[in-house]
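Q:
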Ligand SMILES: [Ca+2]
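Numbering (mature numbering (1 follows the signal peptide of the UniProt record, and there is no 0)), first residue to last: -19 to -1, 1 to 387.
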């Protein structure tokens, strides 16, 4: 969703990615603690919510029982601003596991997904890819009480206006009876259900696709959530039958200064300059086309079509857009990227980093997986290995370290 609608998702996704999960935080629900200042804020907020049309019954039931959640403030304060490289992002977003699970989910939910595609014109693999990145296909929908989380953030005030607006939207949802406050759970920032809608997006786009009278994005059955996501993309301008983008091969003669998201040309103009699909076939003619080479000439490059911009309406981050696009291609049976990324700043390739993780783990320094993405657990394992072996303790991967482990 757009930055304006969902300003924290990018940070959320980055945070979750750092723990090798794309989706809301997991674990135990945060505990509410007594806070007289919060109680006073809640009393002062009540007339504003009533003026926005929220019923007294909902205010009694939901707002009256909302608690102050200090852990939510902690999450808000600790949002990391750094963004992962596209290589790391794709290693997690389109991991073998996420591709395999997604293909199984496509098969298991084939009937509702086909009906959703017929109604909204958004291809099943695209909807499924969003489901996969937002909540690991429903496995991590978030278990934090949304009214308490949003009330805590609105009270805290760092982005009080935004969160108060989301809180009022959440109370409107309860007022309409789509869900009870007990079942209205989500991420610490109020993103809810299988595809992590914030309350204002829910009010604008959620649909009751299974026809039971409730727009239920929280239930085990993902049908309403997936249809709501397709409705969001449709209303954002999705073009059925058109690709989001494609990996391309760039000729040596192409001036990279002429690439970038803002420099769009018709596919024919790029073809005339020698740009082809990665497999050598001509570029599809899908309208205004940008070429992006995020890792320069040595890494994979992409042609991005108008549907790519629609994905960014869901979450305005280029890595997210390419992640969704590439994962959807993989779910539809497509191959991995044809071109590897060049070695990183430490001089290591993704395969080197996976090998390093496997060898550290085998040597008794557990990196908890070997996805090739260097996160806190791998850094801890490197530090422990270095300390045990009398090396300078840096926690940084290097070709020399890998050579030593080999
Ligand atoms: Ca329903």
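All C-beta atoms in this analysis are idealised placements derived from N, C-alpha and C, irrespective of residue type, glycine included.
From a predicted model like this one, the values you see are computed outputs, not experimental measurements.
For ligand 1, which residues count as neighbours when the test is a C-beta closer than 5 Å to any heavy atom?
A: Output, sorted by chain position: 189, 191, 193, 195, 197 and 205.
Q: Can you find the residues in the same chain that come closer than 6 Å, C-beta to C-beta, to residue 282, ignoring five residues on each side of it along the sequence?
A: Taking the first residue of the chain shown as position 1, residue 282 is located at position 301. So the list reads 229, 231 and 274, once near-sequence residues are dropped.
Q: To the nearest angstrom, how far is the alpha carbon of residue 356 from that of residue 31?
A: Looking up residue 356 in the chain shown gives position 375. Looking up residue 31 in the chain shown gives position 50. The straight-line gap from Cα to Cα measures roughly 46 Å.
Q: Would residue 103 and residue 225 be called neighbours here (beta carbons separated by less than 8 Å)?
A: As a working note, residue 103 is residue 122 in the chain shown. As a working note, residue 225 is residue 244 in the chain shown. Contact: no.
Q: What is the rounded straight-line gap between the Cα of residue 97 and the Cα of residue 222?
A: Reading the chain shown from its first residue, position 116 is the one you call residue 97. Reading the chain shown from its first residue, position 241 is the one you call residue 222. Near 14 Å, if we compare the C-alpha coordinates of residue 222 and residue 97.
Q: Just how far apart, CA to CA, sit residue 261 and residue 324?
A: Locating residue 261 in the chain shown gives position 280, where the first residue counts as 1. Locating residue 324 in the chain shown gives position 343, where the first residue counts as 1. Cα to Cα, the separation comes out at about 25 Å.
Q: Flag this pair as yes or no: are the beta carbons of residue 38 and residue 23 separated by less than 8 Å?
A: Reading the chain shown from its first residue, position 57 is the one you call residue 38. Reading the chain shown from its first residue, position 42 is the one you call residue 23. Not closer than 8 Å, so no.
Q: Output the residue ranges of the alpha helix (DSSP H) runs that lie fully inside the stretch 62 to 114 and measure 4 residues or longer, sorted by chain position.
A: The qualifying runs are 67 to 74, 77 to 89 and 91 to 101.
Q: Sort out for me which residues DSSP pairs residue 126 with in a bridge.
A: Along the chain shown, one-based indexing puts residue 126 at 145. Answer is 166.
Q: Judging by CA-CA distance, which residue of 380, 194, 57 and 330 is the nearest neighbour of residue 280?
A: One-based indexing of the chain shown puts residue 280 at position 299. If we check each option's Cα against that of residue 280, 330 comes out closest.
Q: So if DSSP puts residue 12 in a beta bridge, which residue, or which two residues, is it bridged to?
A: For the purposes of this step, residue 12 is taken as the residue at position 31 of the chain shown. Bridge partners of residue 12: none, in fact.
Q: Put residue 178 into one of helix, strand or coil per three-state DSSP.
A: Numbered from its first residue, the chain shown carries residue 178 at position 197. DSSP places residue 178 in strand when its eight states are reduced to three.
Q: Taking 7 Å as the limit between beta carbons, can you name the residues of its chain near residue 204, skipping five residues before and five after?
A: As a first step, residue 204 is located in the chain shown; it is residue number 223 there, counting from the start. If we look at residue 204 and ignore the five residues flanking it on each side, its Cβ neighbours are 93, 190 and 191.
Q: Work out the CA separation of residue 114 and residue 72 for me, nearest whole Å.
A: Translated into the one-based positions of the chain shown, residue 72 becomes position 91. Translated into the one-based positions of the chain shown, residue 114 becomes position 133. So the two alpha carbons sit approximately 12 Å from each other.
Q: Can you tell me where the alpha helix (DSSP H) holding residue 289 begins and where it ends?
A: Taking the first residue of the chain shown as 1, we reach residue 289 at position 308. Per DSSP, residue 289 belongs to the alpha helix (DSSP H) from 287 to 295.
Q: With distance defined between alpha-carbon atoms, name the residue in 168, 199 and 296 nearest to residue 217.
A: Residue 217 sits at position 236 when you count from the first residue of the chain shown. Per the Cα distances, 296.
Q: Counting only runs of 4+ residues fully inside the stretch 198 to 234, write out the alpha helix (DSSP H) ranges in chain order.
A: Correct list: 204 to 216.
Q: Below 8 Å on the Cβ atoms is my contact criterion, and I expect residue 80 with residue 312 to pass it. Report the Cβ-Cβ distance as a whole number of Å.
A: Within the chain shown, residue 80 is the residue found at index 99, counting from 1. Within the chain shown, residue 312 is the residue found at index 331, counting from 1. About 7 Å; that satisfies the 8 Å criterion.
Q: DSSP three-state label for residue 33, please.
A: Here the question's residue 33 lines up with position 52 in the chain shown. Residue 33: coil per DSSP, three-state reduction.
Q: Just the Cα atoms here: how many angstroms apart are residue 450 and residue 74?
A: The chain is shown from -19 up to 387; residue 450 falls before or after that span and cannot be answered.
Q: For the alpha helix (DSSP H) containing residue 337, name the first residue and the last one.
A: Stepping through the chain shown from its first residue, residue 337 is reached at position 356. Unbroken alpha helix (DSSP H) run through residue 337: 331 to 343.
Q: In chain order, what residues of the same chain have a beta carbon less than 7 Å from the beta carbon of residue 129, not counting five sequence neighbours either side?
A: Within the chain shown, residue 129 is the residue found at index 148, counting from 1. Result list for residue 129: 13, 47, 48 and 50, in chain order.
Q: Given this structure, state the Cα-to-Cα distance separating residue 1 from residue 250, to the nearest angstrom.
A: By one-based count along the chain shown, residue 1 stands at place 20. By one-based count along the chain shown, residue 250 stands at place 269. With a pLDDT of 34 at residue 1, under the threshold of 50, the modelled position of that residue is not reliable, and no figure is offered here.
Q: Using the three-state DSSP reduction, which class does residue 257 fall into: helix, strand or coil?
A: By one-based count along the chain shown, residue 257 stands at place 276. Here residue 257 sits in strand by DSSP.
Q: How should residue 52 be labelled, buried or exposed, when 16 other C-beta atoms within 10 angstroms of its C-beta is the threshold for buried?
A: Reading the chain shown from its first residue, position 71 is the one you call residue 52. Result: buried.
Q: Which residue wins for smallest C-alpha separation from residue 149, given the options 29, 358, 310 and 371?
A: Taking the first residue of the chain shown as position 1, residue 149 is located at position 168. If we check each option's Cα against that of residue 149, 29 comes out closest.
Q: Using a Cβ-Cβ cut-off of 8 Å (strictly less than) and excluding sequence neighbours within five positions of residue 256, which residues of its own chain qualify?
A: Residue mapping note: residue 256 aligns to position 275 of the chain shown, counting from 1. Counting only Cβ-Cβ distances below 8 Å, and skipping sequence neighbours, we find 229, 230, 231, 232, 235, 264, 272 and 284.
Q: Round the Cβ separation of residue 111 and residue 305 to the nearest angstrom and send it over; I've been treating them as touching at under 8 Å.
A: As a first step, residue 111 must be located in the chain shown, where it is residue number 130. As a first step, residue 305 must be located in the chain shown, where it is residue number 324. With a Cβ gap of about 6 Å, residue 111 and residue 305 count as contacting.
Q: From residue 381 to residue 123, what distance separates their C-alpha atoms?
A: Your numbering for residue 381 matches position 400 in the chain shown. Your numbering for residue 123 matches position 142 in the chain shown. Each residue's alpha carbon lies about 41 Å from the other.
Q: Out of 99, 17 and 89, which one is the CA nearest neighbour of residue 137?
A: Residue numbering aside, residue 137 sits at position 156 when the chain shown is read from its first letter. Residue 137 has its Cα closest to that of 17, out of 99, 17 and 89.
Q: Straight-line CA distance for residue 160 to residue 377?
A: Against the chain shown, residue 160 aligns to sequence position 179. Against the chain shown, residue 377 aligns to sequence position 396. If you take the alpha carbons of residue 160 and residue 377, they lie about 47 Å apart.
Q: Quick check: what's the CA-CA separation for residue 83 versus residue 307?
A: Start at 1 with the first residue of the chain shown, and residue 83 comes out as number 102. Start at 1 with the first residue of the chain shown, and residue 307 comes out as number 326. Spanning the two alpha carbons is a distance of roughly 12 Å.
Q: Out of 151, 245 and 147, point me to the one whose CA is closest to residue 42's CA.
A: Your numbering for residue 42 matches position 61 in the chain shown. Among 151, 245 and 147, the Cα nearest to that of residue 42 belongs to 151.
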